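Scroll down for the structure; my scribbles are underneath it.
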Amino acid sequence: MTTHEPHAHAAPQGFLRKYIFSLDHKIIGIQYFFLALVAVFAGMFLSLLMRIHLVWPNASLPFFGQIKPETYLSLLTMHGTIMVFFVLTTAPQGGFGNYFLPIQIGAPDMAFPVLNMLSFWTTFLGFLVLLAAFFVTGGAPLHGWTGYAPLSALPSAGPGEGLGADLWIISIAIFCIGALMGALNFITTTLDMRAKGMTLMRMPLTCWAWFITAILGLLAFGVLLSAGILLLMDRNLGTSFFVPLGTVNGVLTGHKGGSPLLWQHLFWFFGHPEVYIAILPAMGLCSQLLSVFSRKPIFGYKAMVYAIMAIGFLGFMVWGHHMFMSGMSPYSAFAFSIMTMGIGVPSAIKTFNWLGTLWRGRIRFSSPMLFAIGFVSLFVVGGISGPFLAQPVLDIYLHETYFVIAHFHLIMGVASIFGIFAATYYWFPKMFGRMMNETLGKAHFWLTFVGAYAIFMPMHYYGMAGGLRRYSQGTEVAWINSLAPIQKFISIAAFVTIASQFIFLINLLWSMKKGEKAADNPWEATTLEWTTATPPPHDNFGGVTPVVHNGPYEYSVPGAPRDFVMQTDAPVTAKH
Amino acid sequence: MGLVLLVVIWLITLIGSYFIVAKTWWLPVGASAAAAGIDHHFTVTYILMGGVFIAAQLALGWFAWKYRDRGTGSQPAQYSHGNTTLEAVWTILTIILFIGLNLASKSIWASERFDAAKPGAVQVEVTGMQFAWYFRYAGPDGKFGATKPELEDASLGGAGALGLDSTDPASKDDVISGVMVVPVNREIEVILRSHDVIHSFFVPAMRFKQDTVPGLAIHMHFTPIQTGDFEIACAELCGLGHYKMHGIVKVVSEPEFNQWLAAREAEK
Chain A
7 MTTHEPHAHA APQGFLRKYI FSLDHKIIGI QYFFLALVAV FAGMFLSLLM
57 RIHLVWPNAS LPFFGQIKPE TYLSLLTMHG TIMVFFVLTT APQGGFGNYF
107 LPIQIGAPDM AFPVLNMLSF WTTFLGFLVL LAAFFVTGGA PLHGWTGYAP
157 LSALPSAGPG EGLGADLWII SIAIFCIGAL MGALNFITTT LDMRAKGMTL
207 MRMPLTCWAW FITAILGLLA FGVLLSAGIL LLMDRNLGTS FFVPLGTVNG
257 VLTGHKGGSP LLWQHLFWFF GHPEVYIAIL PAMGLCSQLL SVFSRKPIFG
307 YKAMVYAIMA IGFLGFMVWG HHMFMSGMSP YSAFAFSIMT MGIGVPSAIK
357 TFNWLGTLWR GRIRFSSPML FAIGFVSLFV VGGISGPFLA QPVLDIYLHE
407 TYFVIAHFHL IMGVASIFGI FAATYYWFPK MFGRMMNETL GKAHFWLTFV
457 GAYAIFMPMH YYGMAGGLRR YSQGTEVAWI NSLAPIQKFI SIAAFVTIAS
507 QFIFLINLLW SMKKGEKAAD NPWEATTLEW TTATPPPHDN FGGVTPVVHN
557 GPYEYSVPGA PRDFVMQTDA PVTAKH
Chain B
23 MGLVLLVVIW LITLIGSYFI VAKTWWLPVG ASAAAAGIDH HFTVTYILMG
73 GVFIAAQLAL GWFAWKYRDR GTGSQPAQYS HGNTTLEAVW TILTIILFIG
123 LNLASKSIWA SERFDAAKPG AVQVEVTGMQ FAWYFRYAGP DGKFGATKPE
173 LEDASLGGAG ALGLDSTDPA SKDDVISGVM VVPVNREIEV ILRSHDVIHS
223 FFVPAMRFKQ DTVPGLAIHM HFTPIQTGDF EIACAELCGL GHYKMHGIVK
273 VVSEPEFNQW LAAREAEK
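Have a look at this one:
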């Protein structure tokens, strides 16, 4: 264990240094959280417009008027990009990771506070650049969040592929730089700044998840950054990394010799680990919550740690499963397929252990716990469609259908969002010193849980029947047109679910001002953030350096005075 | 609250599974030789994964209810850090299930994609461009004429759209069509190309899908076993007209096919 200097920076006084350009990981965490909050409502608004357009194509909509096919494609591109980068990557890691990783390992701050501040403001800049794409000539790009070349490389390939596409790439490149800085910080902090007694195997699973996620980020975002720069060069400097000889509308593009598949390889080398960047923190958090609220140690702590590592490691060997139909070698497809089925194994281990944690517990149904249980349910339903898509034979039919949309929305979108919700309800008291309203929390859970199923379950059926994604209208193809009633059902379910998110927003904002005052440890949990004041002081532990004696999940220890043993309590051995 | 969770999770599981078992929305009837094998593997995967889905959801709902905190009279939670034997059993079972499932489908994938079309297959070149499909037949000489990007002009349609080089003798007898006409029960070798961006040639009834990539000529094959018209749709986002880039595979008897080809040849 490394000893380190006392907290490097004193508590700042001025408003600007305290709240805007703060070096405090807690303020930066909250900044990330609110950035993600703005982004998630923006992304959700875009999906609302898409859902309206799919069912009522002639409706006139706010900001966009009557949606043209190319506008629909811009909406889906921006929806995906905002959600993946500025919500699913930003909130769990940048937001909650920033706030709670240092506290949970007993550190006074991140290892590099200035870098931490820079990574937030870089990410923020990236978000502004992305939104700017809506306002330039031609509008936002229509090439989808995956930006497949040559569509994304040729300004002549469609509206939005001009300046809008450049801004899209620049935004992602800026985001990558912010994410790389963040990843370095997380890794260094975890390795170097743990308190005395906080061995790696005593870290809460949340910390393990943030740590492995940071390693994935470090390896993945560098590749995406490079790919983005190459794509910018193809677009603006006349290079041909991704564009072969060809024409658009009979006009020669002026490129030759490039490989469209190269973009896909580079993109998915980032893109698949990105799925785990989004979901691993949620896995760590829900493991934590299931243990806290079942009042039971996590089932198979070591197995959980190894499963996170295995997922992280295998996550880099499966990117080709996005490319089974791309023209990649069918032998590669088979190899990628085996690895992909392999990554299902640690995911199944985790599910098994979550159920094992509930088994013979004494479950308390607070809002964070409901979202954690909801997470398990959604993780299962989103997970079991994986082995369909992982088999090239079935992917022949399912690739690019709504079956894929259902799969990745459930597992990477909704399950991760449930992790974010659970984290918000769970840590809000520590962050803001007040409790969130439980009644509103439960109402929000039920509407969102049932709503998510109502939206995404039917998408499986739509995909099974051959319904294709990224179609602004299903009217032109007979077999897709016949599935219109499913789309209508999905849209109505989406409207209700979207509306119920305002319950969350109101609860959040109202509770910050008016919520019941929170105790230091309202959930009777064991990890270090609950040993300190609420909200924590500038250096997290008020000048005291915590010393850790116990594992993170010592609940219902026989013979202990309470049904939980804090990590800093005197070492306790169970008396049977 | 535990009971509500149980009821809701079980109901969702029941309703979700019902539509799968009832096949309310399902794959269209297969019309190619490979369809039966693929569909069979689909069903096997559904049964196995559906079993996992139902078991996990039922257990989740059951545990949430059964192990709820019942207040002061409640049993304390069990102090246990897990069970290594159970963990190992579960891991091994999952490995067998997932990898076994995958290996079981290998032979279908191999016959679809490892093996090239057999000699004597009917060759059709499929070209995607924003936002149309063109189909080309080599004609009596069995050779496709050269095409050149600089000659492409979509407004001309047919040979002009494909950029067919009329100075190449092999191009003289090439037949170009907007509908893909093929004979039944013959292996069709498709040569997939694109002019501009990536498209994807998807014929659900044939259980066939393959991206068409500019710069590549991808050789694939399928064997229609049923006559009729089958819809084609583009399955890879290719721009604003993506949703209307569709077409028809018209599967006819072999004599009809030969007749059609000869008639098109005569028109030239």
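Just so you know, the protein sequences line up as chains A and B, in that order. If you read the first sequence in the numbering used here, its first letter stands for residue 7, the second for the next number, and so on. If you read the second sequence in the numbering used here, its first letter stands for residue 23, the second for the next number, and so on. All residues carry an ideal CB built from backbone N, CA and C; glycine is no exception. Computed from a predicted structure; not experimentally measured.
Discussion item. Could you tell me the alpha carbon to alpha carbon distance between H415 (chain A) and G170 (chain A), rounded to whole angstroms?
Written reply: Counting from one through the first sequence, the residue named residue 415 (chain A) turns up at place 409. Counting from one through the first sequence, the residue named residue 170 (chain A) turns up at place 164. Looking at the two C-alpha atoms, the distance is approximately 25 Å.
Discussion item. Between the region 434-454 of chain A and the region 362-369 of chain A, can you find at least three pairs of beta-carbon atoms closer than 8 Å?
Written reply: no
Worksheet item: In terms of residue numbering, what span does the alpha helix (DSSP H) encompassing A55 (chain B) cover?
Response: The residue given as residue 55 (chain B) occupies position 33 in the second sequence. Element bounds for A55 (chain B): n/a, residue is neither H nor E.
Worksheet item: CA-CA distance, A471 (chain A) and F330 (chain A)?
Response: The residue you call residue 471 (chain A) lines up with position 465 of the first sequence. The residue you call residue 330 (chain A) lines up with position 324 of the first sequence. Taking the straight line from one Cα to the other gives about 20 Å.
Practice prompt. Using 10 angstroms around the beta-carbon of E276 (chain B), count the other beta-carbons present and answer buried if the total reaches 16, otherwise exposed.
Written response: As a first step, residue 276 (chain B) is located in the second sequence; it is residue number 254 there, counting from the start. Answer is exposed; the Cβ neighbour count stays below 16.
Worksheet item: Counting only beta-carbon atoms, is M331 (chain A) nearer than 8 Å to chain B?
Response: Counting from one through the first sequence, the residue named residue 331 (chain A) turns up at place 325. So, interface residue.
Worksheet item: Could you give the residue range of the beta strand (DSSP E) that holds T149 (chain B)?
Response: Here residue 149 (chain B) refers to the residue found at position 127 when the second sequence is read from its first residue. Element bounds for T149 (chain B): V144 to M151.
Practice prompt. Could you list the residues in the region 62-81 of chain B with a C-beta less than 9 Å from some C-beta on chain A, going in chain order?
Written response: H63, F64, T67, Y68, L70, M71, G72, V74, F75, A78, Q79 and A81
Discussion item. Please list, in chain order, the chain A residues whose beta carbon lies closer than 8 Å to that of Q232 (chain B).
Written reply: Here the question's residue 232 (chain B) lines up with position 210 in the second sequence. The answer, in chain order, is M331 and G333.
Fill in: Boundaries of the alpha helix (DSSP H) in which M345 (chain A) is found, first to last residue
Residue numbering aside, residue 345 (chain A) sits at position 339 when the first sequence is read from its first letter. P336 to L364 is the span of the alpha helix (DSSP H), which, as asked, contains M345 (chain A).
Worksheet entry | Contact set between Y265 (chain B) and chain A, taken where Cβ atoms lie within less than 7 Å | If you number the second sequence from 1, residue 265 (chain B) lands on position 243. Residues of chain A passing the Cβ test: P75, Y477, S478, Q479 and E482.
Worksheet item: Quick one: Cα of F424 (chain A) to Cα of A378 (chain A), how far?
Response: To locate residue 424 (chain A), count along the first sequence from 1; it is residue 418. To locate residue 378 (chain A), count along the first sequence from 1; it is residue 372. Going by the C-alpha atoms only, they are around 7 Å apart.
Discussion item. Could you compute how far the alpha carbon of A139 (chain A) sits from the alpha carbon of V46 (chain A)?
Written reply: In the first sequence, counting from the first residue as 1, residue 139 (chain A) sits at position 133. In the first sequence, counting from the first residue as 1, residue 46 (chain A) sits at position 40. Cα to Cα, A139 (chain A) sits roughly 17 Å from V46 (chain A).
Fill in: Interface partners of K523 (chain A) on chain B, CB under 7 Å
Taking the first sequence and counting its residues from 1, the one referred to as residue 523 (chain A) is at position 517. Correct list: empty, because the minimum Cβ distance to chain B is about 24 Å.
Worksheet item: Between the region 311-322 of chain A and the region 84-95 of chain B, are three or more C-beta pairs nearer than 8 Å?
Response: no
Discussion item. Looking at the secondary structure, which residues open and close the beta strand (DSSP E) in which G367 (chain A) lies?
Written reply: Counting from one through the first sequence, the residue named residue 367 (chain A) turns up at place 361. Following the DSSP letters along the chain, one finds G367 (chain A) in no beta strand (DSSP E), marked with neither H nor E.
Worksheet item: Counting contacts by CB-CB distance shorter than 8 Å, is A53 (chain B) in contact with chain A?
Response: Locating residue 53 (chain B) in the second sequence gives position 31, counting from the first residue. False, the Cβ-Cβ gap to chain A never drops below 8 Å.
Worksheet item: Is any beta-carbon of chain B found at less than 8 Å from that of G150 (chain A)?
Response: Indexing the first sequence from 1 puts residue 150 (chain A) at position 144. With 8 Å as the cut-off, G150 (chain A) counts as an interface residue toward chain B.
Worksheet entry | DSSP-derived helix/strand/coil call for Y559 (chain A) | For this step, residue 559 (chain A) is matched to residue 553 along the first sequence. Three-state result, Y559 (chain A): coil.
Worksheet item: Taking all protein chains shown into account, do 16 or more other C-beta atoms lie within 10 angstroms of the C-beta of T8 (chain A), making it buried, or fewer, making it exposed?
Response: As a first step, residue 8 (chain A) must be located in the first sequence, where it is residue number 2. Its pLDDT being 48, under 50, T8 (chain A) is placed unreliably by the model, and the measurement read from it follows with that caveat. So T8 (chain A) ends up on the exposed side.
Worksheet entry | Delimiting residues of the alpha helix (DSSP H) encompassing G100 (chain A) | Position 94 of the first sequence holds residue 100 (chain A). Unbroken run through G100 (chain A): none, as it is neither H nor E.
Fill in: Those runs of the alpha helix (DSSP H) which lie wholly inside the region 108-135 of chain B and span at least 4 residues
128-131
Worksheet item: Skipping 5 residues on each side, what residues in its chain have a beta carbon closer than 7 Å to that of Q294 (chain A)?
Response: In the first sequence, the residue the question calls residue 294 (chain A) occupies position 288. Excluding residues within five positions, the ones whose Cβ falls inside 7 Å are P210, L211 and T212.
Item to complete: Indicate whether D233 (chain B) and S332 (chain A) have their beta-carbon atoms separated by less than 8 Å.
Response: If you number the second sequence from 1, residue 233 (chain B) lands on position 211. If you number the first sequence from 1, residue 332 (chain A) lands on position 326. Yes. Within cutoff.
Worksheet item: Around the C-beta of P12 (chain A), are 16 or more other C-beta atoms found within 10 angstroms, so that it is buried, or is it exposed?
Response: Against the first sequence, residue 12 (chain A) aligns to sequence position 6. Note on P12 (chain A): pLDDT 47, under 50, position unreliable in the model; the coordinate value appears next. Exposed, because fewer than 16 other Cβ atoms sit within 10 Å of the Cβ of P12 (chain A).
Practice prompt. Check the C-beta distance from S162 (chain A) over to V254 (chain A) and give it rounded, since I have them as a contact under 8 Å.
Written response: In the first sequence, the residue the question calls residue 162 (chain A) occupies position 156. In the first sequence, the residue the question calls residue 254 (chain A) occupies position 248. V254 (chain A) and S162 (chain A) do touch by the CB rule: their CB atoms are close to 5 Å apart, below 8 Å.
Fill in: Contact set between W485 (chain A) and chain B, taken where Cβ atoms lie within less than 7 Å
By one-based count along the first sequence, residue 485 (chain A) stands at place 479. Neighbours of W485 (chain A) on chain B, chain order: P50, P226 and E253.
Fill in: For H241 (chain B), three-class secondary structure by DSSP
One-based indexing of the second sequence puts residue 241 (chain B) at position 219. Reduced to three states, the DSSP call for H241 (chain B) is strand.
Worksheet item: Bridge partners of Y265 (chain B), per DSSP?
Response: The count along the second sequence starts at 1 and reaches residue 265 (chain B) at position 243. Answer by DSSP bridge pairing: none, since Y265 (chain B) is not bridged.
Item to complete: Decide if the region 230-248 of chain B is in contact with the region 49-57 of chain B; the criterion is three or more beta carbon pairs, one per stretch, under 8 Å apart.
Response: Contact annotation: the region 230-248 of chain B touches the region 49-57 of chain B, with at least three C-beta pairs closer than 8 Å.
Discussion item. Can you pull the chain A neighbours of Y101 (chain B), defined as C-beta to C-beta under 8 Å?
Written reply: The residue labelled residue 101 (chain B) in the question sits at position 79 within the second sequence. Ordered by position in chain A, the residues that pass the 8 Å Cβ test against Y101 (chain B) are K302, P303, Y561, S562, V563, P564 and A580.
Practice prompt. For chain A, find out if any of its Cβ atoms is closer than 8 Å to the Cβ of E147 (chain B); answer yes or no.
Written response: As a first step, residue 147 (chain B) is located in the second sequence; it is residue number 125 there, counting from the start. Chain A, which has no Cβ nearer than 8 Å to the Cβ of E147 (chain B), makes this no.
Worksheet item: Alpha carbon to alpha carbon, how far is W458 (chain A) from A500 (chain A)?
Response: Taking the first residue of the first sequence as position 1, residue 458 (chain A) is located at position 452. Taking the first residue of the first sequence as position 1, residue 500 (chain A) is located at position 494. Trp is not the amino acid found at residue 458 (chain A); the sequence shown has Ala there. Taking the straight line from one Cα to the other gives about 8 Å.
Fill in: Contact check, V249 (chain A) vs A189 (chain A), beta carbons under 8 Å
As a first step, residue 249 (chain A) is located in the first sequence; it is residue number 243 there, counting from the start. As a first step, residue 189 (chain A) is located in the first sequence; it is residue number 183 there, counting from the start. No. Outside cutoff.
Worksheet item: In terms of residues, what are the limits of the alpha helix (DSSP H) holding M204 (chain A)?
Response: Sequence index remark: in the first sequence, residue 204 (chain A) carries index 198 (1-based). Neither: M204 (chain A) is in no alpha helix (DSSP H) and is coded neither H nor E.
Item to complete: Could you work out which residues of chain B lie near F394 (chain A), taking near to mean beta carbons separated by less than 9 Å?
Response: For the purposes of this step, residue 394 (chain A) is identified with residue 388 of the first sequence, where counting begins at 1. Under the 9 Å cutoff, chain B gives F64, T67, Y68 and M71.
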